[in-house]
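In our numbering, the protein residues as written are 117 to 310.
Shown next, in structure tokens, is the structure this report addresses.
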Amino acid sequence: KENVSRAIDRGLGKLPGQTLEEVVYEGFGPGRAAFIVEGVTDNKLRTLQEIKNIFERSGGSLAGQGAVSYMFERMGEIRARSKEQGAGSRDDEMLELIDLGAKDVEDYLEDNKQMYLVYTEGLELNTMGNKITQAGYEVESQAMVMKPNAPVQIEDAETAKKVLEFAEKLEGLDDVQKVYANFDIEESLLAASS
117 KENVSRAIDR GLGKLPGQTL EEVVYEGFGP GRAAFIVEGV TDNKLRTLQE
167 IKNIFERSGG SLAGQGAVSY MFERMGEIRA RSKEQGAGSR DDEMLELIDL
217 GAKDVEDYLE DNKQMYLVYT EGLELNTMGN KITQAGYEVE SQAMVMKPNA
267 PVQIEDAETA KKVLEFAEKL EGLDDVQKVY ANFDIEESLL AASS
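Dropping the structure here:
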């Protein structure tokens, strides 16, 4: 209980001499996948060491600022559920989302429901979210993300498992807020690696 209280006070800046700083680290993990790690910390050195250890123990390497960020583009991402079943085909809905102003649209299934990832310019995120809602889609979330320009294809189960474990370790660190990566794993390999 005391640790939680202290963490809240630290986050609110109530503890003397302790300020939180945003940090961003870049590097390459297993399979030469590029990673961007964003965090908030009260001790940059500790956070750097924790992240560096994960990179090195996993056969990756921490890189300097700008080493991988050019492989990503900061965009708005909207997760939207398809309209009522039978209201239109997947292709028709994707074209409609593009006509509404989406820069890119990806589709996927979640619990046997058709879902879309709609990408837009960052400044258009809220406007686009409203347009999508007005068009009859259910917006589940919207956020700023780092979208990979050209994902690295992971083609074997062993590398897929290493990459997923690596990402999980980074996400498990207390000071880490977001982890972005440019890898893509086929569904069959995902099943084999879990």
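The C-beta atom is built at its ideal place from N, Cα and C for all residues, glycine as well.
From a predicted model like this one, the values you see are computed outputs, not experimental measurements.
Item                                                                                                                                              : Value
Give the straight-line distance between the Cα atoms of residue 208 and residue 194, rounded to the nearest whole angstrom.                       : 18 Å
Using 8 Å as the threshold, is the segment 275-282 in touch with the segment 212-232, meaning 3 or more CB pairs across them?                     : no
Leaving out five residues before and five after residue 155 in sequence, what residues of the same chain have Cβ atoms less than 7 Å from its Cβ? : 139, 163, 291, 292, 293
Locate the alpha helix (DSSP H) running through residue 279, then write down its first and last residues.                                         : 273-287
Distance check for residue 134 and residue 307, CA to CA, integer angstroms please.                                                               : 44 Å
Name the two residues that bound the continuous alpha helix (DSSP H) containing residue 208.                                                      : 206-215
To the nearest angstrom, how far is the alpha carbon of residue 150 from that of residue 167?                                                     : 14 Å
Can at least three beta-carbon pairs, one atom from the segment 237-253 and one from the segment 184-194, be found at a separation below 8 Å?     : yes
Work out the CA separation of residue 254 and residue 244 for me, nearest whole Å.                                                                : 13 Å
Expressed to the nearest angstrom, what Euclidean distance is found between the alpha-carbon atoms of residue 189 and residue 121?                : 37 Å
How close, in whole Å, do the beta carbons of residue 227 and residue 268 come, if the pair is a contact with beta carbons under 8 Å?             : Residue 227 to residue 268, Cβ: 28 Å. No contact.
In the structure shown, what three-state DSSP assignment does residue 238 receive?                                                                : helix
When we look at the beta-carbon of residue 266 and count the other beta-carbons within 10 Å, is it buried (16 or more) or exposed?                : exposed
Hey, out of 158, 143, 258, 296, whose CA is closest to residue 174's CA?                                                                          : 143
Can you tell me where the alpha helix (DSSP H) with residue 162 in it begins and where it stops?                                                  : 160-173
Which residue from 186, 242, 271, 272 puts its Cα closest to that of residue 259?                                                                 : 242
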